[in-house]
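Below is one structure, written out as structure tokens; comments come after it.
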Amino acid sequence: MTDRPTTTTDAGIVAPSDEFSQSVGPNGPLLLQDHYVIQKMAQFNRERVPERVVHAKGGAAHGVLKITEDVSQYTKADLFQPGRETPMFLRFSTVAGELGFPDTVRDPRGFAIKFYTREGNYDLVGNNTPIFFIRDPSQFSDFIHSQKRRADTHLHDHDMQWDFWTGTPASAHQVTFLMSDRGTPKTWRNMNGFGSHTFMWINRGGEKFWVKYHFKTDQGIENFTGSEAAAMTAEDRDYHIRDLHEAIKSGNHPSWTLEMQIMPFEAAADYRFNPFDLTKVWPHGDYPAIPIGTMTLNRNPDNYFAEVEQAAFEPANFVPGIAASPDKMLQGRLFSYPDTHRHRIGTNYLQLPVNRPAVPVHSYNKDGAMRYDNPGDPVYAPNTYGGPVADPSPFADESYGVTGEIVRSAYRLHAEDDDFGQPGTLYREVLSETDREHLAANIVDHMTSDGPVGDALRPKVIEYWTNVDPDLGARVSKGVNGS
Ligand code: NDP
Ligand code: HEM
Numbered sequence: 000m001t002d003r004p005t006t007t008t009d010a011g012i013v014a015p016s017d018e019f020s021q022s023v024g025p026n027g028p029l030l031l032q033d034h035y036v037i038q039k040m041a042q043f044n045r046e047r048v049p050e051r052v053v054h055a056k057g058g059a060a061h062g063v064l065k066i067t068e069d070v071s072q073y074t075k076a077d078l079f080q081p082g083r084e085t086p087m088f089l090r091f092s093t094v095a096g097e098l099g100f101p102d103t104v105r106d107p108r109g110f111a112i113k114f115y116t117r118e119g120n121y122d123l124v125g126n127n128t129p130i131f132f133i134r135d136p137s138q139f140s141d142f143i144h145s146q147k148r149r150a151d152t153h154l155h156d157h158d159m160q161w162d163f164w165t166g167t168p169a170s171a172h173q174v175t176f177l178m179s180d181r182g183t184p185k186t187w188r189n190m191n192g193f194g195s196h197t198f199m200w201i202n203r204g205g206e207k208f209w210v211k212y213h214f215k216t217d218q219g220i221e222n223f224t225g226s227e228a229a230a231m232t233a234e235d236r237d238y239h240i241r242d243l244h245e246a247i248k249s250g251n252h253p254s255w256t257l258e259m260q261i262m263p264f265e266a267a268a269d270y271r272f273n274p275f276d277l278t279k280v281w282p283h284g285d286y287p288a289i290p291i292g293t294m295t296l297n298r299n300p301d302n303y304f305a306e307v308e309q310a311a312f313e314p315a316n317f318v319p320g321i322a323a324s325p326d327k328m329l330q331g332r333l334f335s336y337p338d339t340h341r342h343r344i345g346t347n348y349l350q351l352p353v354n355r356p357a358v359p360v361h362s363y364n365k366d367g368a369m370r371y372d373n374p375g376d377p378v379y380a381p382n383t384y385g386g387p388v389a390d391p392s393p394f395a396d397e398s399y400g401v402t403g404e405i406v407r408s409a410y411r412l413h414a415e416d417d418d419f420g421q422p423g424t425l426y427r428e429v430l431s432e433t434d435r436e437h438l439a440a441n442i443v444d445h446m447t448s449d450g451p452v453g454d455a456l457r458p459k460v461i462e463y464w465t466n467v468d469p470d471l472g473a474r475v476s477k478g479v480n481g482s
């Protein structure tokens, strides 16, 4: 006998064998009464939940957010009070590929955080870029379809991607980031993360502010060039997940400095850019980024499926002191995530350990598949039998006035709103000459590979880049057409 535990069925009954099915004699047919083997096979057939419809491939780690500065004049949220340490979980991902896709392809990277605060879960579901491809959620499924596979060949197709992008000039800023070397980060540890949207903060006195979150890597930004990324894709498809796991395992805990941009509530109305447009940043010259704390990843998951695959982030999880802005993309996402979780994981996904808040839950929601922590009587509100009672007071100051006709419309333009100004500034004023060379080369490489951009679309792509900057348009034209 060894001190190893005995295998059991899932009902806890001792298993008869780890190797042999029950048969009629050594060479005879198998028996339906062998419940143990049937359970093994049936359970195996149900091992997968649907993969995420986007951001399927990823990795994650646990950690802590520590607030080092005093921003209590801007928010009453407990997790942002001075000195507070809040446990958190961060999942990184690529966007377009499936579960087995390589980590090092050109794509934005997801940067999804769940903070287990003393006031319930606060989720900040961002990317490694401060902006996005579209500004209205009605375009999201069309955009993603163009990033996925064709209906006929089931292949990715760059002609389809550029067709969508050039038909949607709002994409220009994000596509400039994506085609630069920041589209192929060297590791997850070497990239920044952004909340991307504008959110509302509310302080104890009821004052409101608009804010943006920036997580700046303490490891320094490092990217692969296009050819280095391609080489790594061939060498190790799981390079990023391996890198994060090994760094944390060896005690090399990656960290990010959380910096906030904070805009007075009243300044939004006539700011030079629409501050809620997800395709725009707030230039730092207007709203400097203020460091407020450090986020450190210090523990690998023990079980990938339980913790990472079943993690369910939802931008609608706000705690008192933080609220949504009128960003149309954010508004769309408030609906989309819990809806997909109910489909992908199941109605009671919030009871799973990785999703469960660190505070007690007193909800009137009940029953449903696989629920184990079910509320007792009374099962309705209002009641006179001692059931939980809601408290509107923490949210009283979130309100703000909105009026208008019901329309289907683009955002009202602010003084300097256009699609190409900010990517042009990035190209001319932020990128180095080497960055610009790599950007043009990456665009040309992308246009001429994997379902290359056809002759009909090429002039439109060159016009798109000429609108960002004439010099960039000329470089792309030269790379693609030779002139
Ligand atoms: P700043 O010069 O104050 O900031 C430039 C920003 O760009 C920094 O945040 C920098 O931070 C980041 N950056 C540096 N190199 C690159 C690169 N190769 N690719 C992408 N980002 C880079 O200028 P402004 O705030 O006035 O912004 C100018 C342009 O910079 C914007 O139009 C936008 O395209 C880009 N940008 C702006 C950000 C913002 O929130 N204001 C954030 C990121 C980019 P870091 O290197 O640490 O990422
Ligand atoms: C994942 C929808 C825009 C970041 C997802 C998922 C859906 C979705 C359905 C899969 C979730 C799951 O199965 O667990 C949408 C819609 C959007 C939108 C409808 C626009 C209207 C954005 C934007 C960002 C973003 C703007 C970043 C700023 C992410 C991230 C994940 C994700 C990081 C992966 C979360 C994880 O690690 O589990 N999105 N998305 N999405 N999305 Fe979005």
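The opening residue of the sequence shown carries number 0 in numbering that gives the first Met the number 0; numbering runs sequentially from there. Heads up, the beta-carbon is just placed ideally off N, CA and C, and yes, glycines get one too.
Between Gly62 and Met40 a beta carbon distance of about 39 Å is seen, past the 8 Å cut, so the two are scored as non-contacting.
Annotation note: the region 212-295 contains the following uninterrupted alpha helix (DSSP H) runs of length 4 or greater, listed N- to C-terminal: 225-234, 238-248.
Here the alpha carbons of Val388 and Ser140 stand approximately 39 Å from one another.
In the three-state DSSP reduction, Asn189 falls in the helix class (H, G or I). Under the criterion of beta carbons closer than 8 Å, Gly205 and Asp396 qualify as touching, at roughly 4 Å. Excluding five sequence positions before and after Pro422, the CB atoms of its chain that fall closer than 6 Å to its own CB belong to Ala171, His172, Thr175, Val467, given in chain order. With a cut-off of 8 Å, the C-beta of Tyr336 is classified as near the ligand HEM, since at least one heavy atom of the ligand falls inside that distance. About 22 Å separates the CB atoms of Arg298 and Pro184; that is not less than 8 Å, and the two are not in contact. Counting along the chain, Val460 sits inside the alpha helix (DSSP H) bounded by residues 457-467.
Set against 8 Å, the gap from the CB of Arg83 to the closest heavy atom of the ligand NDP is not smaller. Excluding five sequence positions before and after Val443, the CB atoms of its chain that fall closer than 7 Å to its own CB belong to Val475, Gly478, Val479, given in chain order. The beta carbon of Ser145 lies closer than 6 Å to those of Met159, Gln160, Phe163 in the same chain, with the five residues before and after it left out. Secondary structure of Glu84 (DSSP, three-state): strand. Tyr426 sits in a helix when the DSSP states are folded into three classes.
Excluding the 5 residues flanking it on each side, Tyr286 has same chain C-beta neighbours closer than 6 Å at Gln260, Met262, in chain order. For Ile261, the CB stays at least 8 Å from every heavy atom of the ligand NDP.
Out of Gln32, Arg90, Asn44, Phe43, the CA that lies nearest to the CA of Ala59 is found in Arg90.
In this structure, DSSP gives Met328 a helical state, which the three-state scheme calls helix. Straight-line measurement puts the Cα of Ser22 at about 43 Å from the Cα of Ala311. Distances from the alpha-carbon of Ser92 to those of Arg188, Ser179, Leu412, Val13 put Arg188 closest. When the five nearest sequence neighbours on each side are left out, the beta carbons in the same chain lying within less than 6 Å of the beta carbon of Lys459 are those of Thr165, in order along the chain. Beyond the five residues adjoining it in sequence on each side, Met190 comes within less than 7 Å, by CB distance, of Arg108, Asn127, Pro184, Thr216, Ile220 in the same chain, given in chain order. For a cut-off of 8 Å, the C-beta gap from Tyr363 to Pro374 is around 7 Å, short enough to register as a contact. The beta carbon of Val124 lies closer than 6 Å to those of Ala111, Phe312, Pro314 in the same chain, with the five residues before and after it left out. For Asn126, the three-state secondary structure derived from DSSP is strand.
Distance check between Pro356 and each of Tyr115, His155, Val36 places Tyr115 closest, using alpha-carbon atoms only.
For the pair Thr293 and Ser254, the CB atoms are nearer than the 9 Å cut-off. Of the candidates Phe214, Asp269, His342, the residue whose Cα lies closest to the Cα of Pro49 is His342.
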